[in-house]
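Chains as they are written, first to last, in this note's numbering: chain A, 4 to 110; chain B, 13 to 153. Backbone N, C-alpha and C define an ideal beta-carbon position, used for all residues, glycine too. Since the structure comes first, as structure tokens, the remarks are kept for the end.
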């Protein structure tokens, strides 16, 4: 499944869609960045409520397919700008992380 | 005989926490350009980022040197910060001395040093209280 299809299925708001054709192969949920760097895999959808600028570096280094901000959390324009610079797919949902991850995405 | 390595040097700024990670993201790009495999790039850049973040949080920055040999990559991160009083304790998952302001950004989970060890093949830490810390990490290709 591509990030564009994922975005449609989850009705996600686009904050930055750098690569709509990036393949999503799994998922990881977490807000503590070192845990994310330990557990998230390349190609994952990373669901988090963390919105500070460091999430962009973590998304880049872990090579996740996209970041999904849960709970409609506020995010500063500078973070979205950084996502554009680093070519990170960045989406947002009003749903909770639990609700997002409960969607049967890979059926 | 081992050929001379490709060497890359970075100064890690200790004042601006929001720009932390620039060296790690740069090295990721460089390693990709010189044809290193994605798995190795991920391990090297995450280990370097964890160390870089530690240097910004605890030591007001420092330097990072990356030497790329034909058979290994060696990361050397050096600071002149406060040093680590109890290294064995610091290596334990969950142990952290990061302040609340850093924890609110998602760091300080006590997983930095364990992650550096997890993602590298050899890790050596030389630290002296009041003098600083030098972390050397090797990833074999």
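Burial state of residue i, where buried means 16 or more other Cβ atoms lie within 10 Å
i	result
residue 75(A)	exposed
residue 101(A)	exposed
residue 19(A)	buried
residue 53(A)	buried
residue 104(B)	exposed
residue 23(B)	exposed
residue 109(A)	exposed
residue 80(A)	exposed
residue 124(B)	buried
residue 30(A)	buried
residue 19(B)	exposed
residue 88(A)	exposed
residue 46(B)	exposed
residue 49(B)	exposed
residue 98(A)	buried
residue 51(A)	buried
residue 43(B)	buried
residue 106(B)	exposed
residue 83(B)	exposed
Chain B contact for residue i (CB, 7 Å cutoff)
i	result
residue 49(A)	no
residue 74(A)	no
residue 53(A)	yes
residue 21(A)	no
residue 56(A)	yes
residue 60(A)	yes
residue 93(A)	no
residue 18(A)	no
When the options are compared against residue i, the one with the closest alpha-carbon
i	options	result
residue 143(B)	95(B), 57(B), 39(B) and 47(B)	95(B)
residue 138(B)	75(B), 129(B) and 148(B)	148(B)
residue 73(B)	107(B), 108(B) and 62(B)	62(B)
residue 22(A)	56(A), 58(A), 66(A) and 97(A)	66(A)
residue 85(B)	141(B), 39(B) and 30(B)	39(B)
residue 133(B)	68(B), 77(B) and 87(B)	87(B)
residue 116(B)	57(A), 31(A) and 87(A)	57(A)
residue 93(A)	64(A), 16(A) and 107(A)	16(A)
residue 91(B)	127(B), 81(B) and 66(B)	66(B)
residue 33(A)	49(A), 107(A), 24(A) and 90(A)	49(A)
residue 55(B)	100(B), 121(B), 37(B) and 131(B)	131(B)
residue 33(B)	82(A), 73(A), 78(A) and 64(A)	64(A)
residue 121(B)	39(A), 68(A), 85(A) and 70(A)	39(A)
residue 83(A)	10(A), 8(A), 60(A) and 12(A)	60(A)
residue 77(A)	55(A), 91(A), 69(A) and 86(A)	55(A)
Bridge partner(s) assigned by DSSP for residue i
i	result
residue 71(B)	Per DSSP, none; premise fails for residue 71(B).
residue 94(A)	17(A) and 71(A)
residue 152(B)	84(B)
residue 103(B)	In DSSP, residue 103(B) forms no bridge with anything.
residue 59(B)	None, per the DSSP bridge assignment.
residue 144(B)	140(B)
Neighbour flag for residue i against chain A, beta carbons, 7 Å
i	result
residue 58(B)	yes
residue 76(B)	no
residue 80(B)	no
residue 124(B)	yes
residue 127(B)	yes
residue 151(B)	no
residue 37(B)	yes
residue 20(B)	no
residue 107(B)	no
residue 118(B)	yes
Presumed contact (8 Å Cβ cut-off) between residue i and residue j, rounded CB distance
i	j	result
residue 76(B)	residue 60(B)	7 Å
Closer than 6 Å: residue i CB and nearest the ligand GDP heavy atom
i	result
residue 121(B)	Although the ligand GDP was asked about, the structure shown includes no ligands whatsoever.
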